[in-house]
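Peer 1: Just so you know, the sequence shown maps onto residues 56 to 151 in the working numbering.
We treat Cβ as the ideally placed atom computed from N, Cα and C, and that holds for glycine.
Remember, it's a predicted structure, so these values are computed and weren't measured experimentally.
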Amino acid sequence: MEFLKEHIQKNSETWICYDIDRDTIDINGESYRVGELSFSEVGGAVKSVLRELFGEYRTIPYTFNSEAYENEKFRAEVLALGFEGLLRFRVKRKEE
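1. If we count the other Cβ atoms within 10 Å of its Cβ and call it buried at 16 or more, is Thr69 buried or exposed?
2. Report, in whole angstroms, the separation of the C-beta atoms of Gly137 and Asp76, which I expect to be a contact under 8 angstroms.
3. Using alpha carbons as the reference points, say which of Val101, Arg88 and Thr114 lies closest to Phe144.
4. For the stretch 65-102, list the beta strand (DSSP E) runs that are entirely contained and at least 3 residues long, ordered along the chain.
5. Counting only the same chain and skipping the five closest in sequence on each side, list residues whose C-beta sits under 6 angstroms from that of Glu61.
6. In the structure shown, what three-state DSSP assignment does Glu122 receive?
7. Could you pull the DSSP bridge partners for Phe129 from this structure?
8. If you draw a straight line from the alpha carbon of Asp81 to that of Glu127, how long is it in whole angstroms?
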């Protein structure tokens with residue numbers, strides 16, 4: 056999912072929404088058909104890109120369906136809405 060890396064790399068803020076029923080990932084308003092993927096596969100792909108671009112990070116748990124990832128370069132928040140079939144990420148680069 057190279058398009059994930061491209062968007063996160065070029066934008067100071069990136070909104071990612073995976074719709075499991077439509078098999079699409081929307082990134083800042085652009086839709087990509089990705090086929091049938093689990094929340095774990097999409098979440099793993101996003102976290103892999105974050106690690107590649109920004110290095111290691113810490114995980115901050117919020118509730119049973121949300122958490123954040125953060126280091127000195129970025130902060131990402133994720134919310135899983137299983138009953139709606141959505142996985143949402145907000146990735147924000149920190150000012151240097």
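Peer 2: Concretely, from the data shown:
1. The count along the sequence shown starts at 1 and reaches residue 69 at position 14. Buried is the call here.
2. What you label residue 137 is simply residue 82 of the sequence shown in a count that begins at 1. What you label residue 76 is simply residue 21 of the sequence shown in a count that begins at 1. 11 angstroms between Cβ atoms; not a contact.
3. Taking the first residue of the sequence shown as position 1, residue 144 is located at position 89. Nearest option by C-alpha distance: Val101.
4. You should have 68-74, 79-82 and 85-88.
5. Stepping through the sequence shown from its first residue, residue 61 is reached at position 6. So the list is empty, once near-sequence residues are dropped.
6. Numbered from its first residue, the sequence shown carries residue 122 at position 67. Reduced to three states, the DSSP call for Glu122 is strand.
7. In the sequence shown, the residue the question calls residue 129 occupies position 74. Residue pairing by DSSP puts Phe129 in a beta bridge opposite Arg148.
8. Here residue 81 refers to the residue found at position 26 of the sequence shown. Here residue 127 refers to the residue found at position 72 of the sequence shown. Asp81 and Glu127 have their C-alpha atoms spaced approximately 26 angstroms apart.
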